[in-house]
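Trainee:
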Amino acid sequence: MLRKLKIFDTIIEPGKNYKLNFNMAKLYTSTSVEVPVIISRSKKAGPVVLITGGIHGDEINGIEVVRQLISKKINKPKIGTIIAIPVLNIFGFLSGTREFPDGRDLNRVFPGVKSGSLASRFAYQISQEILPHVDLVLDFHTGGAQRFNAPHIRISQLEIESWNLAKIFNAPFLMHGKNVKKTFRATCSDLGKPYLLFEGGMSNRSDKNVVATAVNGAIRVLDHLKMLPDQIKVPQITEESVIITDSKWVRAKYSGLLHPKVAYGKKVEKNEFIATITDPYGELRYKVKSPHAGYVLNVNYSPLVYQGDAIFHISRNEA
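Per UniProt numbering, the sequence shown starts with residue 1, numbered consecutively.
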């Protein structure tokens, strides 16, 4: 039986498509800022899947993933409903920044407060108006501050349904990680909503390989839920995800110019040469070596680093 679906005072009818404008605040110029919410509902009953990108305004890869899912009509479900929000943080997207105009990280204020800060009010509306209808969330992120994340799903092994769906998604790496309070992910977990957090690439840059990995994963999950449109081909799984249960950051021993020598995703051995740090004057040339064997999960591509800066994230005890 088809359930009633009402979002932002709009009844979502079976077999119809909607583009709702989530309008919460204005710019200083009194110009309205609209957050498009794109909804497609089948005539047949099924799950409601929320697909989001751009919770941080500078995470372009996540936005591009959701855009491609819409452009390729993957968001037109055979059963159920797909709600797609390509840019959650439209304010940050306009300014090329991670945060909301109030300086807050949207992904640290969930489930939000009705009378709180701008970011908190926005999170509250998402939590109240959309999440109650949702059966699964696919949320697409990237690395920040010139740090490039190897494509992975970050999830807790304690959340069995989400963990099983993450295996079907089949990102190159599947990283066990605890929920962080006040995140979108933690709020979904508290509500009992399965949630997949995809990370890949770096801020303010689009990477076609990372985007393709994420789009293919979403296709596999929708196919598993029997929601995938018939004309969409399902990418085959060639290798199982590498499961990461522990990892450690390698930090710069000296300040200077950083020259990474290994790419993200590569498996390195203990004491393998992975980068150099130099000074501008030709006197310092320090070789950075991996402290242990593992996969390179994140590479810092900033040309300049200070002593103590995180420069590589390398797995330990992978399964």
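For glycine and all other residues, C-beta sits at the position ideal for the given N, C-alpha and C.
In whole angstroms, what is the alpha-carbon distance linking LEU20 and VAL66?
Mentor: When rounded, the distance between both Cα atoms is 16 Å.
Trainee: In chain order, what residues of the same chain have a beta carbon less than 6 Å from the beta carbon of residue 395, not counting five sequence neighbours either side?
Mentor: Past the edges of the chain, shown from 1 to 319, lies residue 395, and the structure says nothing about it.
Trainee: Can you check whether the CB of VAL299 is closer than 9 Å to the CB of TYR254?
Mentor: In this structure, VAL299 does not lie closer than 9 Å to TYR254 by Cβ.
Trainee: If ILE55 sits next to HIS133, beta carbons under 8 Å apart, how far is it from one beta carbon to the other, in whole angstroms?
Mentor: About 19 Å; that fails the 8 Å criterion.
Trainee: Report buried or exposed for GLY73, applying the criterion of at least 16 other Cβ atoms within 10 angstroms of its Cβ.
Mentor: Inspection of the sequence shows that residue 73 is occupied by Lys rather than by Gly. By the neighbour-count rule (16 or more Cβ atoms within 10 Å), LYS73 is not buried but exposed.
Trainee: Which of helix, strand or coil does DSSP assign to LEU165?
Mentor: Three-state DSSP puts LEU165 in a helix.
Trainee: Using a Cβ-Cβ cut-off of 7 Å (strictly less than) and excluding sequence neighbours within five positions of LYS289, which residues of its own chain qualify?
Mentor: Taken in chain order, the residues that qualify are ASN271, GLU272, PHE273, ILE274.
Trainee: Identify, in the order they occur along the chain, each residue of the same chain with its Cβ nearer than 8 Å to the Cβ of TYR124, setting aside the five sequence neighbours on each side.
Mentor: Cβ neighbours of TYR124 beyond the five flanking positions: PRO111, GLY112, VAL113, LYS114, GLY116.
Trainee: Is PHE312 helix, strand or coil when you go by DSSP?
Mentor: Three-state result, PHE312: strand.
Trainee: Indicate the three-state DSSP secondary structure (helix, strand or coil) for ALA275 in the structure shown.
Mentor: It is a strand residue.
Trainee: Which runs of the alpha helix (DSSP H) spanning at least 4 residues fall entirely within the region 80–142, listed in chain order?
Mentor: Segments of the alpha helix (DSSP H) lying fully in the region 80–142: 90–95, 118–125.
Trainee: Rounded to whole angstroms, what is the Cα-Cα separation between THR183 and GLY256?
Mentor: Approximately 34 Å between the Cα atoms of the pair.
Trainee: Under the three-state reduction of DSSP, which class applies to PHE8: helix, strand or coil?
Mentor: Coil, per DSSP.
Trainee: Can you check whether the CB of LEU297 is closer than 9 Å to the CB of ASN149?
Mentor: Closer than 9 Å, so yes.
Trainee: By the 10 Å Cβ neighbour count, where 16 or more other Cβ atoms means buried, how is VAL234 classified, buried or exposed?
Mentor: So VAL234 counts as exposed.
Trainee: Quick check: what's the CA-CA separation for ILE155 versus LEU136?
Mentor: So the two alpha carbons sit approximately 14 Å from each other.
Trainee: Where do the N-terminal and C-terminal ends of the beta strand (DSSP E) with residue 322 fall, by residue?
Mentor: Given that the chain is displayed from residue 1 to residue 319, the structure contains no residue 322 and the question cannot be resolved.
Trainee: Along the chain, where does the beta strand (DSSP E) containing GLY200 start, and where does it finish?
Mentor: Run containing GLY200: 195–202, per the beta strand (DSSP E) assignment.
Trainee: Would you report the Cα separation of ASN209 and ASN216, rounded to the nearest angstrom?
Mentor: Their Cα atoms are separated by approximately 11 Å.
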